[in-house]
Amino acid sequence: MTWQTPLLRVDPLLADPATRIIVCCGSGGVGKTTTAAALGVRAAEQGRRVVVLTIDPARRLAQSMGLTELDNTPRRVEGIDESAGGRLDAMMLDMKRTFDEVVLNNADPARAKAILENPFYQSLSAGFAGTQEYMAMEKLGQLRARDEWDLIVVDTPPSRSALDFLDAPKRLGSFLDGKFIKLLMAPAKAGGRAGMLFLNAGMSMMTGALNKVVGAHLLRDVQTFVAAMDTMFGGFRKRADATYRLLQAPGTAFLVVAAPERDALREASYFVERLAAETMPLAGLVLNRVHGSGAAQLTAERALSAAEQLEDLAAEEEDEGRAEDGTGAAGGTGDGAEDAAGDGAAAEDAATDGATVSGAAVDGQELSPESLAAGLLRLHAERMQVVERERRTRDRFASLHPEVPVAEVAALPGDVHDLAGLRTVGERLADGRPAVT
Ligand SMILES: Nc1ncnc2c1ncn2[C@@H]1O[C@H](COP(=O)(O)OP(=O)(O)OP(=O)(O)O)[C@@H](O)[C@H]1O
Ligand SMILES: [Mg+2]
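Residue numbers (full-length UniProt numbering): 1 to 437.
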């Protein structure tokens, strides 16, 4: 089957001055952070002023981008080719600090102090599911408001589901909107046991912190906290809505990153539908870590059957060799044969420990040139089966969403942890075609 879906072209997207925000989302571990960083490097080296907002980057990648401090402000990335007039800043999201900033910017100083010092706040700001997603959006809003960059590339948190990024702020918004807190406050006001019971049942994630404070202290903390937060409910909700609108704006492009595996693509498929439902602009799908082969014209079936033939041949030669002089068939010429002979000797050494003569011969036989070639063919067949499976998965996605442009990035031999690796990923992204067809 031929490649029919439209090709995602990242270079025109990166170069377009109208593109102001790119959001890389997708399920856990698929390459969101890598894609975001690679796009940032590429756009900067093509002349744009870019900031990349990363979330939990792997340590080595963070180091290579100069992200050694978690100080919540963008820093210039060294080693970027700035000759085209661009530059790259990068930052890691510090969730706690972002939450603090939100409080500081939205409450008067005395109230802000009361909130920040409240032990209850400390567990809330770190512990709530969705806080990270909310804070990523909050930070995006802040960066956009500074208007220092042509392009903001946003990584998203390592959620199980890509949809969490869109759902979490609303969930957190509705929590902060008051229902939950009012519920919390009502029994606390009454000062009775009911309040404690509710806390214990509903907020078990905070028990660590709660255990540190007891009884009356706890209630007082809760009340101070609730009173202080009360003034901010509206603000949270308003900003969550504003960031939501920013995500729907024409200058925003979503890239859904997925691995060419069934579950990941199913997830990507939901996400694509969800973006459409929310009228959020999808630029395309990045299929990351796709496998290819330099010899794709040789199918798995043919490679396997050739391997079998070679193995038969090797077995026959082995029999003949044994019939002639009883020493195995490690002869032949060329590099492969030399290696084979070397390893064959080692295998024979190993086999002499109490093994029978015919056992040694069998070990030797596995390393004959024919057997080596057969082994390679089998490896190739396995690779081709992976390639084939990935192709079927990709085609299934394409048949569900024929309109979604796709770029493929080959699985690189090692992790991507430096600027050179990011440039390679960027090139693959821009090329967009399967590594080898
Ligand atoms: N094309 C690729 N070839 C080889 N390795 C890759 C490729 N893309 C990503 N990786 C590696 O895969 C790992 C996961 O990538 P990454 O951290 O970007 O995923 P993520 O989606 O951000 O994960 P999380 O959901 O945990 O945040 C990293 O070690 C990265 O170096
Ligand atoms: Mg990540």
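In this text, a Cβ means the ideal position worked out from N, Cα and C, and glycines have one as well.
Sequence-distant residues of its chain with Cβ nearer than 7 Å to residue i (five each side left out)
i	result
LYS32	CYS24, CYS25, GLY26, ASP155, THR156 and VAL257
VAL290	PRO260, GLU390, GLU408, VAL409, ALA410, ALA411, PRO434 and ALA435
GLY342	Low local confidence applies: a pLDDT of 38 at GLY342 is under 50, so the model's placement there is unreliable, with the coordinate-based value given in what follows. Correct list: empty, nothing qualifies.
ARG428	VAL409 and ALA410
Beta-bridge pairing of residue i - partner residues as DSSP gives them
i	result
ARG76	ASP89
ARG49	ARG87
ALA407	VAL286
ALA258	LEU287
VAL102	DSSP lists no partner for VAL102.
LEU310	None, per the DSSP bridge assignment.
ASP155	CYS24
LEU140	DSSP output for LEU140 lists no bridge partner at all.
LEU246	Looking at the DSSP assignment, LEU246 forms no beta bridge with any residue, so it has no partner.
GLU68	The displayed chain sequence assigns Thr, not Glu, to residue 68. According to DSSP, THR68 bridges with nothing at all.
THR54	MET92
Limits of the alpha helix (DSSP H) - the one that residue i falls within
i	result
PRO115	Per the sequence presented here, residue 115 reads as Ile, with Pro not at that position. Residues 109-117.
VAL425	419-431
GLU267	262-277
LEU400	369-400
LEU14	10-15
SER293	Premise fails: SER293 is in no alpha helix (DSSP H) and is neither H nor E.
GLN63	59-64
Closest Cα partner of residue i within the set the options
i	options	result
ALA15	LEU377, ARG48 and ILE21	ARG48
LEU39	ARG289, GLN142, LEU255 and THR279	LEU255
ALA62	ASP431, ALA430 and ASP415	ASP415
ALA37	GLN46, THR54, ILE21 and GLU45	THR54
GLY85	MET95, LYS96, GLN46 and VAL52	GLN46
SER305	GLN297, GLY284, ALA374 and GLU267	ALA374
LEU8	ILE115, LEU287 and PRO369	LEU287
VAL153	ILE21, PRO57 and GLU117	ILE21
HIS401	SER269, TRP149 and ARG97	SER269
LEU246	GLU101, ARG144 and GLY79	ARG144
PRO6	ALA283, PRO158, ALA420 and LEU88	ALA283
THR98	GLU148, GLN122 and VAL404	GLN122
GLU82	ALA112, LEU116 and VAL41	VAL41
GLY29	GLU403, SER399 and SER159	SER159
Residue i: CB within 7 Å of a non-hydrogen atom of ligand 3
i	result
ASP94	You won't find ligand 3 in this model; what it holds is ligand 1 and ligand 2.
Bounding residues of the beta strand (DSSP E) (the contiguous stretch that carries residue i)
i	result
ARG289	282-290
Cβ neighbours of residue i in the same chain (closer than 6 Å, five flanking residues each side left out)
i	result
ASP418	SER64
ALA430	VAL10 and ASP11
GLN385	ALA300
ASN200	Interpretation of ASN200 is limited by its pLDDT of 40, a score under 50 that renders its predicted location unreliable; the figure taken from the coordinates is listed afterwards. Cβ within range, chain order: n/a, list empty.
ARG76	ASP89
Contact set for residue i: own chain, Cβ-Cβ below 8 Å, skip 5 residues either direction
i	result
THR393	PRO260, GLU261, ARG262 and LEU265
THR243	MET137, GLU138, LEU140, GLY141 and PRO169
ALA18	PRO250 and GLY251
is_contact[residue i, chain C] using C-beta, thresh 8 Å
i	result
SER159	Going by chain labels, chain C is absent from the structure shown, which holds only one protein chain.
Do the region 377-389 and the region 268-278 make contact, defined as three or more Cβ pairs closer than 8 Å? no
Under 8 Å: do the region 67-74 and the region 107-125 share three or more Cβ pairs, one atom per stretch? no
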